Each structure stands twice: as C-alpha cells, then as structure tokens.
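J.:
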Amino acid sequence: MRKVLLLILPCVPALAGEYAVLHNGFRIQAERHEAAGTMIRLYTERGVTELQASQIASFELDEHVAPRPAPAPAPAAEPAPQPSPAELLEQAARRNGLRPEFVRSVASAESALNPTAVSPKGAIGLMQLMPGTAAELGVDPKDPAQNADGGARYLRGLLEKYKGDPDGVRLALAAYNAGPGAVEKHGGSIPPYRETRQYVDRVVGKYLNEIKR
Numbered sequence: 292m293r294k295v296l297l298l299i300l301p302c303v304p305a306l307a308g309e310y311a312v313l314h315n316g317f318r319i320q321a322e323r324h325e326a327a328g329t330m331i332r333l334y335t336e337r338g339v340t341e342l343q344a345s346q347i348a349s350f351e352l353d354e355h356v357a358p359r360p361a362p363a364p365a366p367a368a369e370p371a372p373q374p375s376p377a378e379l380l381e382q383a384a385r386r387n388g389l390r391p392e393f394v395r396s397v398a399s400a401e402s403a404l405n406p407t408a409v410s411p412k413g414a415i416g417l418m419q420l421m422p423g424t425a426a427e428l429g430v431d432p433k434d435p436a437q438n439a440d441g442g443a444r445y446l447r448g449l450l451e452k453y454k455g456d457p458d459g460v461r462l463a464l465a466a467y468n469a470g471p472g473a474v475e476k477h478g479g480s481i482p483p484y485r486e487t488r489q490y491v492d493r494v495v496g497k498y499l500n501e502i503k504r
C-alpha cells in the first residue's frame with residue numbers, strides 16, 4: 292500500500308507549503324514536489340533536493356499560517372495651530388470684560404506684541420509683567436496665554452481702582468507703566484515722568500486709531 296501511495300501522490304500537484312515525511316522520521320519542508328521516474332524532486336527555499344521515492348513515507352501539508360502584516364501606524368496628528376498674539380490678547384480681553392482694542396494697544400506699547408520680549412528691568416512677555424506681579428496674579432509670565440490673561444486682569448483691576456476719577460483710564464495706564472505707588476506718590480495724578488506720559492499718550496492714541504477702523 293505504501294508504494295501505491297507514493298506512485299499516486301507525486302502525480303498530484305503539490306500545494307504551496309508541505310512536508311516530505313521520510314521513513315526514518317525526518318521531515319523536509321518544501322514548497323512543492325514532483326515525480327521524476329523513481330525520484331522525487333523537492334523544491335525548497337534552498338533549491339531542489341532529489342530523493343528516492345522509496346525513502347518518502349508520505350507528504351503532509353504545512354498548516355502554518357503566516358502572520359498578518361502589522362497594520363501601518365496611523366499618521367501622527369498634526370499639532371493644532373497655536374493662537375497668534377493678537378488672538379490671545381483678544382481672548383484675554385473678552386474674558387476680563389475689556390475691549391480687545393484697548394488691551395492690544397497696551398500690549399503694542401509694552402512689547403510690540405512680542406511674546407518673548409524681556410525688558411532691561413525684567414518685565415516679561417506680551418503684557419510685560421514683572422515677575423512679582425505675575426506671581427501675585429498666579430500666572431506664568433513666560434506662557435503667552437497666561438501672560439495675556441494676567442496683564443488684562445491686572446489692567447482691569449487698575450481701571451476699577453480709578454474708575455471714579457474723570458481721568459481714570461489715563462491714571463490706570465500710568466499705574467500700569469510706573470506702578471500704582473507712583474500715582475499715589477503724586478497725589479493721584481499721572482507721575483511727571485517723561486517715559487510714563489509718553490506711554491499713556493501712545494496707548495491712548497493707538498486705541499483711538501484702533502476703534503476708528
């Protein structure tokens with residue numbers, strides 16, 4: 292019966308992936324086989340091996356299933372675009388009940404809308420917050436969004452402080468530039484510092500131009 296089996300099997304086209312099982316127990320993996328007279332040719336990855344048909348007991352299909360290829364990694368999500376300095380200032384202004392044009396005018400005079408600006412005195416960022424002021428406000432002055440929000444909040448507090456004065460807006464700007472102590476030192480009026488007076492005029496002028504557009 293074994294010889295008959297050997298004569299029949301070589302005539303059947305082999306499926307891809309099989310084992311030739313020898314009488315001595317060895318197994319040879321092959322892609323396919325074919326009969327050539329009394330010889331059996333085994334087509335393996337390394338080439339062709341010929342064996343006497345009498346050496347082979349049977350053929351077995353290779354049931355190994357190749358693993359599925361790993362799915363392609365999903366493309367990395369593009370980082371969300373960061374708001375521009377002008378957008379950060381507008382958001383901060385609206386959160387604090389101020390006109391965006393006013394806050395933007397202050398930031399323009401303070402830093403020219405440069406979020407990385409640092410003054411010789413140590414003021415930082417868009418709204419040029421001093422480290423001590425930033426700490427009181429609980430913000431990181433090096434973070435543009437926090438800097439904008441802290442500056443707008445500080446400006447809002449100064450406007451509230453001087454809202455009963457007819458010149459309250461200009462006093463708030465003077466206090467933002469020179470500090471509330473300087474305003475109090477000069478009897479609740481704009482300090483006679485050239486830099487502070489030019490600053491107040493520059494912010495007011497820019498604001499008026501902004502709201503005319």
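Mapping of the sequence shown onto my numbering: residues 292 to 504, in sequence order. The C-beta atom is built at its ideal place from N, Cα and C for all residues, glycine as well. Bear in mind that the values here come from a model prediction, so they are computed numbers and not experimental data.
Does the stretch 435-444 come into contact with the stretch 377-384, if we say contact requires no fewer than three beta-carbon pairs (one atom in each stretch) closer than 8 angstroms?
T.: Yes, they touch.
J.: State the Cα-Cα distance for the pair Lys476 and Asp434, rounded to the nearest angstrom.
T.: Taking the straight line joining both Cα atoms gives about 33 angstroms.
J.: So what does DSSP say about Val430, is it helix, strand or coil?
T.: If DSSP states are grouped into helix, strand and coil, Val430 belongs with coil.
J.: Are the stretch 372-381 and the stretch 342-353 touching by the rule of at least three beta carbon pairs closer than 8 angstroms?
T.: Touching, no.
J.: Would you call the stretch 363-371 in contact with the stretch 410-424, where contact means no fewer than 3 C-beta pairs closer than 8 angstroms?
T.: Segments in contact, no.
J.: Assess, as a yes-or-no matter, whether the stretch 396-404 is touched by the stretch 474-494 under the definition of 3 or more beta carbon pairs within less than 8 angstroms.
T.: Result yes; three or more Cβ-Cβ pairs closer than 8 angstroms.
J.: Measuring straight from C-alpha to C-alpha, what distance separates Met418 and Pro362?
T.: Each residue's alpha carbon lies about 49 angstroms from the other.
J.: With 16 as the cutoff for other CB atoms within 10 Å, does Arg318 come out buried or exposed?
T.: Arg318 should be labelled exposed.
J.: With Leu462 and Leu389 assumed to form a contact (beta carbons below 8 angstroms), what rounded beta-carbon distance in angstroms separates them?
T.: Actually they are not in contact, since the Cβ atoms of Leu462 and Leu389 sit about 16 angstroms apart, beyond 8 angstroms.
J.: Name the two residues that bound the continuous alpha helix (DSSP H) containing Ala393.
T.: Correcting the residue identity first, residue 393 is Phe in this sequence and not Ala. From DSSP, the alpha helix (DSSP H) with Phe393 extends over Pro391 to Ser402.
J.: Taking DSSP as the reference, what is the three-state secondary structure of Leu333?
T.: In this structure, Leu333 counts as strand in the three-state DSSP scheme.
J.: Assuming Leu352 and Gly308 are in contact, meaning their beta carbons sit under 8 angstroms apart, how far apart are those beta carbons, in whole angstroms?
T.: Yes, Leu352 and Gly308 are in contact; Cβ-Cβ is about 7 angstroms, under 8 angstroms.
J.: At which residue ranges does the stretch 462-502 contain complete alpha helix (DSSP H) runs of 4 or more residues, listed in the order of the chain?
T.: Counting only runs of 4 or more, we get 471-476.
J.: Going by DSSP, which residues form a beta bridge with Gln419?
T.: Answer is none; Gln419 lacks a bridge partner.
J.: Helix, strand or coil for Thr424 per DSSP?
T.: Here Thr424 sits in helix by DSSP.
J.: Let me confirm a value: Asn468 is counted as buried when at least 16 other C-beta atoms fall within 10 Å, else exposed. Which label applies?
T.: By the neighbour-count rule (16 or more Cβ atoms within 10 Å), Asn468 is buried.
J.: For Met330, which of Gln346, Glu427, Ala414 and Leu450 has the nearest alpha-carbon?
T.: Nearest of Gln346, Glu427, Ala414 and Leu450 to Met330, Cα basis: Gln346.
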